[in-house]
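Below is one structure, written out as structure tokens; the observations come after it.
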Amino acid sequence: MNLVQQHNEKYKFFSDITGVAMKVHSKYHSGLMESAYEAALKYLLEQQGYKVERQVNLPIYWDDVKLDQTYRMDLVVNGNIILE
6 MNLVQQHNEK YKFFSDITGV AMKVHSKYHS GLMESAYEAA LKYLLEQQGY
56 KVERQVNLPI YWDDVKLDQT YRMDLVVNGN IILE
């Protein structure tokens with residue numbers, strides 16, 4: 006496998022996620038609640054083999070102090086890609 010093929014395989018998720026987002030936008034257009042787009046994105050990405058979690062809480066820190074507020078991420082793909 007050459008370098009271009011290795012790069013394309015490593016970063017395939019970029020085109021997969023963008024493609025799914027465009028598919029959802031083309032079908033639903035604008036005007037729905039955000040939760041409808043999230044549900045569709047989650048479903049379609051899972052169909053492609055991705056692990057997707059919705060509304061994941063992320064703690065917020067000030068230096069080493071955990072604050073009493075969390076940030077809620079819309080979608081987390083494969084545990085390390087955040088979609089908002």
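Using my numbering, the letters of the sequence shown correspond one by one to residues 6 to 89.
For glycine and all other residues, C-beta sits at the position ideal for the given N, C-alpha and C.
Note that the coordinates shown come from a computational prediction; the quantities given were computed from them, not determined experimentally.
Query	Result
Quick check on Leu80 - is its C-beta less than 8 Å from some C-beta in chain D?	Chain labels in this structure do not include chain D; a single protein chain is all it has.
If distances are taken between C-alpha atoms only, which option among Leu37, Leu46, Met38 and Gln60 comes closest to Asp21?	Leu46
State whether the stretch 58-72 contacts the stretch 29-37, with contact taken as three or more CB pairs (one from each stretch) at a distance under 8 Å.	no
Trp16 to Tyr66, Cα distance in whole Å?	Looking at the sequence itself, residue 16 is Tyr, so the reference to Trp does not match. Distance between the alpha carbons of Tyr16 and Tyr66 is about 30 Å.
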